[in-house]
């Protein structure tokens, strides 16, 4: 069973005209659902305008339980970081693969001068 936390309502003048929203700061509300994206038909509702997400609440007004909606912020994920790290790892693998192929290609096309050259002798005359 999900654990619900009580939420104390806050009145905001812009949303007071909507009957589906809280109208008094002392309304005691309990969160019922998760923060969910609003449907296209709800795009112009006050609770969807700011963030595009809504959360269902049950408020107790006297002896009545009224279901209302309030805007909310969606839970953040580290999806962006995961995408970046995946891309960077893929680029590292491609770099490693290309480097190995380049070394093999260089060995395949050595000139006869390069093959005779003593590897212990420096290629520049006065290099130590």
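In the working numbering, the protein residues as written are 6 to 133.
Here a beta-carbon is modelled for each residue, glycine too, at the ideal position from N, C-alpha and C.
On a predicted model such as this, the values are computed, not experimentally measured, just so you know.
Which stretch, first to last residue, makes up the alpha helix (DSSP H) that contains residue 93? 84 to 113
Do residue 62 and residue 75 come within 7 Å of each other at the CB atom, strictly closer than that value? yes
What did DSSP end up calling residue 61 once you bin it into helix, strand or coil? strand
Beta-carbon gap between residue 40 and residue 64 smaller than 7 Å: no
Have a look at 36, 80, 73, 88 and flag the residue whose alpha-carbon is nearest the alpha-carbon of residue 56. 80
For the candidate residues 66, 85, 73, 34, whose alpha-carbon lies nearest to that of residue 53? 73
Considering Cα atoms alone, identify which of 119, 86, 121, 58 is closest to residue 46. 58
So, with DSSP's three-state summary, where would you put residue 36? strand
Name, in chain order, the residues that DSSP records as bridge partners for residue 42. 58
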